[in-house]
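First the structure, in the form of structure tokens, and then the observations on it.
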Amino acid sequence: MTCRSRYLNLSRSAAAHDRNECVGFIFQSYNLLPQLTALENILVPTLPKRRSDPRRAQELLDAVGLGDRGRHRPSELSGGEQQRVAIARALVNDPALILADEPAGNLDDENAGKIAKLLASACRERGKTLILVTHDRNLIHPVDHVFDMRAGFLTSIESVSGREAAYL
Amino acid sequence: MHTSSINCSVTAELSGAGFATLHDVYADRRRQYAMLLALGFSPAKTAMIGIGIGIAVAGAGTALGVLLAAACTPRHFAMPSLMADLGMIEPSFTALIAAVIIGVALIAVALGVAPTVWWLNKRSVASALSQEGR
């Protein structure tokens with residue numbers, strides 16, 4: 068795997084640095100730090116670079132529709148709200164790539180659809196590459212390409228916008 | 034016999050509860066450290082955070098213990114049983130005792146943090162998060 072023309076076959080420390088700079092992660096179980104507020108959670112990825120910018124964090128919080136919830140801790144937020152905070156956290160370092168692992172896996176259908184759309188639009192507006200892993204085919208509408216995997220093997224590639232498909 | 038059985042049962046129950054609580058605390062901390070690694074903190078920085086928290090907790094506990102001991106210690110006390118013949122003993126708090134207390138606290142921190150640091154360095158971040166740190 069390469070990022071900004073550099074191979075990511077690095078030491079654990081260098082790999083951590085590149086993860087911080089190039090990749091934004093969104094997890095199924097949100098993985099927010101329970102001791103911190105929503106705003107502080109968004110700022111966590113900026114700490115290794117010592118470039119914390121609370122104003123940018125607040126802007127991202129506004130962008131995901133939680134502008135007035137910055138002082139709340141994860142335990143005071145619903146699942147959908149926690150995942151929105153996680154989306155803002157993934158975007159705070161302006162990474163080129165966002166990896167989302169079942170981002171709506173713990174949410175009901177309504178919230179799952181909202182989160183998928185928010186995630187796709189947030190990435191599209193900022194020119195990010197989004198790789199979204201999901202079992203739910205209803206969530207794939209906002210994306211451009213669908214790579215279908217079964218039992219660990221790639222079985223088809225589908226271009227959603229052009230409706231082109233290749234079966235492998 | 035009956036009393037000792039009850040005592041054994043209570044001890045076993047308390048030990049089990051204590052172990053379960055500590056296990057959950059450790060699992061939770063490990064998951065949080067794995068989370069920090071995933072977000073781009075270096076393993077060294079993550080270990081330093083753990084050691085820092087450990088030293089802060091041990092330091093606070095030691096300071097609290099010293100304050101309580103200073104507040105509650107009687108000015109004079111007689112040793113019971115076999116040492117009673119030695120007469121009255123003046124309790125004292127010397128530099129050596131302070132060093133021993135600090136040393137014990139630091140050893141406790143090292144023993145508490147070592148398994149977490151070892152676990153974080155031996156396992157991948159992905160496996161740490163996928164198993165939720167357990």
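Heads up: the protein sequence lines correspond to chains A and B, in order. If you count by my numbering, then the first sequence holds residues 68 to 235, one letter each, in order. If you count by my numbering, then the second sequence holds residues 34 to 167, one letter each, in order. Quick reminder that beta carbons are idealized off the backbone N, C-alpha and C, glycines included.
What residue range is occupied by the uninterrupted beta strand (DSSP E) comprising residue i?
i               : result
S223 of chain A : 220-226
I198 of chain A : 196-200
Decide if residue i is buried, meaning its Cβ has at least 16 other Cβ atoms within 10 Å, or exposed.
i               : result
C190 of chain A : buried
M68 of chain B  : buried
M216 of chain A : exposed
Q102 of chain A : exposed
S78 of chain A  : exposed
I109 of chain A : buried
S32 of chain B  : Shown here, chain B extends from 34 to 167; a query on residue 32 of chain B therefore has no answer.
N154 of chain B : exposed
L197 of chain A : buried
N160 of chain A : buried
G73 of chain B  : buried
T201 of chain A : buried
N98 of chain A  : buried
P107 of chain B : exposed
R118 of chain A : exposed
V192 of chain A : Reading off the sequence, residue 192 of chain A comes out as Glu, not Val. So E192 of chain A ends up on the exposed side.
F126 of chain B : exposed
G166 of chain B : For G166 of chain B, the predicted structure reports a pLDDT of 43, less than 50, and the residue's modelled location is therefore unreliable. A value from the coordinates is still provided. By the neighbour-count rule (16 or more Cβ atoms within 10 Å), G166 of chain B is buried.
V58 of chain B  : exposed
L174 of chain A : buried
I93 of chain A  : buried
I39 of chain B  : exposed
L47 of chain B  : exposed
T79 of chain B  : buried
R86 of chain A  : buried
S156 of chain A : Note on identity: in this sequence residue 156 of chain A is Arg, with Ser being the wrong assignment. R156 of chain A should be labelled buried.
A167 of chain A : buried
Considering Cα atoms alone, identify which of the options is closest to residue i.
i               : options                        : result
I207 of chain A : A:K195, A:H84, A:L186          : A:L186
K184 of chain A : A:A130, A:A163, A:I224, A:R140 : A:A130
A91 of chain B  : B:A147, B:A143, B:S42          : B:A143
T95 of chain B  : B:D61, B:A141, B:R64, B:A77    : B:A141
H139 of chain A : A:D211, A:L106, A:L221         : A:L106
E88 of chain A  : A:P112, A:L144, A:L99          : A:P112
G70 of chain B  : A:A81, A:Q95, A:S96            : This sequence places Leu at residue 70 of chain B; Gly is not what is there. When each option's Cα is compared against that of L70 of chain B, the closest is A:A81.
I154 of chain A : A:D175, A:D176, A:Q125         : A:Q125
I88 of chain B  : B:L162, B:A138, B:L47          : B:A138
G98 of chain B  : B:I134, B:I82, B:S75, B:A128   : B:I134
I130 of chain B : B:T44, B:M81, B:A102, B:G85    : B:A102
D203 of chain A : A:H212, A:G219, A:G180         : A:G180
G145 of chain B : B:V43, B:A60, B:A77, B:C105    : B:A60
A151 of chain A : A:L166, A:R123, A:P162, A:P170 : Checking the sequence, you will find Arg at residue 151 of chain A rather than Ala. If we check each option's Cα against that of R151 of chain A, A:P170 comes out closest.
R128 of chain A : A:Q149, A:G194, A:D168         : In the sequence on display, residue 128 of chain A carries Leu and not Arg. Closest option to L128 of chain A, Cα to Cα, is A:Q149.
L162 of chain B : B:A45, B:T44, B:Q65            : B:Q65
R227 of chain A : A:F214, A:G172, A:D176, A:K195 : The identity of residue 227 of chain A in the sequence shown is Val, whereas the question assumes Arg. Of A:F214, A:G172, A:D176, A:K195, the residue nearest in Cα terms is A:F214.
L144 of chain A : A:T104, A:Q95, A:T222, A:I224  : A:T104
Write down the C-beta distance between residue i and residue j rounded to the nearest angstrom, noting that I regard them as a contact closer than 8 Å.
i               : j               : result
N178 of chain A : G146 of chain A : 7 Å
R63 of chain B  : W151 of chain B : Rounded, the Cβ-Cβ distance is 11 Å, inconsistent with contact.
V90 of chain A  : L164 of chain A : 5 Å
A83 of chain A  : S75 of chain B  : 5 Å
Based on the DSSP secondary-structure assignment, which residues constitute the bridge partners of residue i?
i               : result
V90 of chain A  : A:L164
R217 of chain A : A:F220
H212 of chain A : A:S226
If you follow the alpha helix (DSSP H) that residue i is in, where does it begin and where does it stop?
i               : result
L129 of chain B : 128-155
R117 of chain A : Element bounds for R117 of chain A: n/a, residue is neither H nor E.
G132 of chain A : Element bounds for G132 of chain A: n/a, residue is neither H nor E.
V99 of chain B  : 76-105
E177 of chain A : 176-192
N108 of chain A : 105-110
E148 of chain A : 146-158
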